[in-house]
Each structure stands twice: as structure tokens, then as C-alpha cells.
Ligand code: KIV
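Residue numbers (the numbering used here): 449 to 711.
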């Protein structure tokens with residue numbers, strides 16, 4: 449496929465074409481996923497759980513993220529690589545710039561940070577420095593200890609309004625993409641319609657511009673409980689390459705997620 453840039457992603461949004469995102473943590477899967485036509489490879493800090501066997505993303509370090517981003521960059525065949533900034537790696541301005549630069553030098557094309565409008569200054573500094581940013585709102589797993597568990601966010605009116613305001617503020621601050629995790633589908637659709645930047649959803653219904661899943665979840669090989677928004681694509685295809693291609697097709701044609709995967 450042609451090399452996917454941020455401009456290519458913005459063009460898909462302008463043409464109302466859906467695009468797909470999948471996590472990748474190593475070179476072999478990066479190649480398979482990229483060759484299947486998935487536009488964005490997310491080097492997610494979910495690797496703490498599915499690769500390292502931890503019970504949250506909190507222990508993931510910058511060195512872990514650099515190691516996996518380098519591996520994904522080796523196998524990539526033209527997708528855009530998004531890398532997560534791990535827990536506390538963007539707590540100060542100096543740390544943010546140093547750590548984001550390391551991920552870009554490891555092969556990322558865009559970094560992802562979790563949080564609301566309190567990240568505005570951070571997002572502005574990064575984008576002014578030439579580093580594209582995806583802001584991640586809703587269920588933000590790095591804050592699991594503060595949130596008290598992995599729960600759907602934005603269910604009551606005030607929380608929903610706060611998420612709308614966070615999204616608008618982050619776009620104004622310069623965020624290039626917004627990712628929404630585990631929020632009601634109607635709210636994610638409303639936010640997508642109010643923004644001009646592309647949105648990615650996970651457990652956020654079918655109204656976002658793109659979908660993301662954790663690779664191990666969509667292959668049905670994650671050992672823990674499977675959330676409602678996950679679909680196992682391996683069970684219907686019996687082959688890893690086919691499962692990833694089926695996911696990509698389902699996202700692009702709008703058949704995934706279905707109502708059974710939404711809140
Ligand atoms: O770390 C990750 O894989 C993520 C997705 C769950 C969106 O952030």
C-alpha cells in the first residue's frame with residue numbers, strides 16, 4: 449500500500465472513508481498487519497498486559513516502548529506508527545519533549561497521550577515541536593487506580609459534557625487525532641461530528657472515523673476476560689492473516705462494531 453501519512457488519514461476523514469487501527473508490538477505482526485492494509489499500527493502500552501503479563505499498563509517504561517516501537521518500525525510496510533507515551537512519561541514539559549523525541553527516533557510517526565484538557569499545554573508544545581499527537585480520552589487505562597477499575601466513562605450528563613469539552617479543547621490545542629475508549633456510542637458520535645480532526649474508537653460505537661482493537665483480543669488469545677466491545681476474528685477465519693484482513697474489511701465497511709459491541 450502507499451505510505452500512510454497524517455495527511456492521508458486526514459484525506460480519508462474528509463472523504464468520509466473509515467480506516468482501521470490495530471495494536472502491534474513486534475516486527476512480524478507489524479508486517480502482517482501493515483500488509484493487510486491497516487492504516488495505523490498502535491504500539492500500545494497494552495503490551496504491559498498482553499506481552500509482559502502485568503495486570504495494568506502502569507509498570508510499562510519508556511525503554512519498553514522504545515524497544516517495541518523499534519521492532520514495529522522494522523516490520524512496518526507503510527502504515528502510520530503511533531506509539532503510546534507510558535505512565536508518567538509526560539508529567540513535566542521537559543520529560544514530555546525528551547520522551548516523545550525518543551519514540552519518534554525509534555520509528556513512531558505520532559505519539560499518544562492519555563488525558564483531558566489538562567494536557568492542552570503539553571499537546572501544544574509537542575505539535576509546535578513537530579511531533580504529531582493523538583489524545584486519548586474516556587477510559588484512560590494509565591489512570592485505572594484513580595478511576596477505580598476499567599469502567600465505561602461519560603455515562604452521566606456531567607461526565608459526558610466534560611468529555612465533549614475535553615475533546616474540543618484538545619483539538620484547539622493542536623491534537624491531530626482523538627482516541628475515545630469505552631464511552632457510550634451516541635456520545636462518541638456527537639464528539640466526532642463536532643471535531644474536524646479524525647477520531648478513533650474502542651468500545652465507543654460505530655460513529656467514529658476509525659476503530660482500534662488490541663491484537664490479542666481480536667485473535668481471541670488474550671487470557672483475561674474479553675470486554676463486550678471485542679470481536680474474535682480468528683474464530684471465523686481460522687487463520688491469522690485472514691483474521692486481520694477480515695477485521696480491516698469489517699471496519700472499513702462499517703460492519704464492525706455491531707450494536708452488540710457498543711455501550
Ligand atoms: O495501549 C493500547 O493498546 C491502547 C488501546 C487500548 C487504545 O491504548
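Ideal Cβ positions, reconstructed from N, Cα and C, are used throughout, including at glycine.
Discussion item. I need the residues with a C-beta less than 7 Å from some heavy atom of ligand 1; please give them in chain order.
Written reply: 471, 490, 492, 493, 494, 505, 532, 560, 584, 589, 627, 629, 650, 660 and 662
Practice prompt. Could you check which residue in 604, 552, 639 and 607 has the C-alpha nearest to that of residue 619?
Written response: 639
Worksheet item: Any heavy atom of ligand 3 within a distance shorter than 7 Å of the CB on residue 552?
Response: Absence of ligand 3 is noted for the structure shown, with ligand 1 being the only ligands found.
Worksheet item: How would you write the range of the beta strand (DSSP E) that residue 700 sits in, first residue to last?
Response: First-last for residue 700: 688-701, but that is the alpha helix (DSSP H), not the beta strand (DSSP E).
Worksheet item: For residue 490, which three-state DSSP category applies?
Response: strand
Worksheet item: So residue 532 packs on residue 560, CB below 8 Å; how close in whole Å?
Response: 5 Å
Discussion item. How far does the beta strand (DSSP E) with residue 468 in it extend, from its first residue to its last?
Written reply: 467-471
Fill in: Element boundaries [alpha helix (DSSP H), containing residue 611]
605-621
Item to complete: Compare the beta carbon distance of residue 529 and residue 521 with 8 Å and say whether it is the shorter of the two.
Response: yes
Worksheet item: When you compare each of 563, 683 and 453 to residue 610 by their alpha carbons, which one comes out closest?
Response: 563
Discussion item. Quick check on residue 513: buried or exposed, where buried means 16 or more other Cβ atoms within 10 Å of its Cβ?
Written reply: buried
Practice prompt. Pair every Cβ in the segment 642-660 with every Cβ in the segment 613-633, then say whether three or more of these pairs are closer than 8 Å.
Written response: yes
Discussion item. Applying the 10 Å Cβ sphere with the 16-neighbour rule, what's the burial state of residue 601?
Written reply: buried
Practice prompt. Measure the alpha-carbon distance for residue 617 versus residue 577 and round it to whole angstroms.
Written response: 19 Å
Worksheet item: So what does DSSP say about residue 505, is it helix, strand or coil?
Response: coil
Worksheet item: Cα-Cα, which of 543, 505 and 527 is closest to residue 535?
Response: 505
Practice prompt. Check whether the Cβ atoms of residue 487 and residue 527 lie closer than 8 Å to each other.
Written response: yes
Worksheet item: With burial defined as no fewer than 16 other Cβ atoms inside 10 Å of the residue's Cβ, what is the status of residue 555: buried or exposed?
Response: buried
Worksheet item: Per DSSP, which one or two residues make a beta bridge with residue 647?
Response: 626
Worksheet item: Exposed or buried, what is residue 615 when buried is set at 16 or more other beta-carbons lying within 10 Å of its beta-carbon?
Response: buried
Item to complete: Enumerate in chain order the residues of its own chain whose CB-to-CB distance from residue 708 is below 8 Å, with the five nearest sequence positions on each side excluded.
Response: 676
Discussion item. If the criterion is Cβ atoms closer than 8 Å, does the pair residue 658 and residue 468 meet it?
Written reply: yes
Worksheet item: Within 10 angstroms of its Cβ, does residue 452 collect 16 or more other Cβ (buried), or is it exposed?
Response: buried
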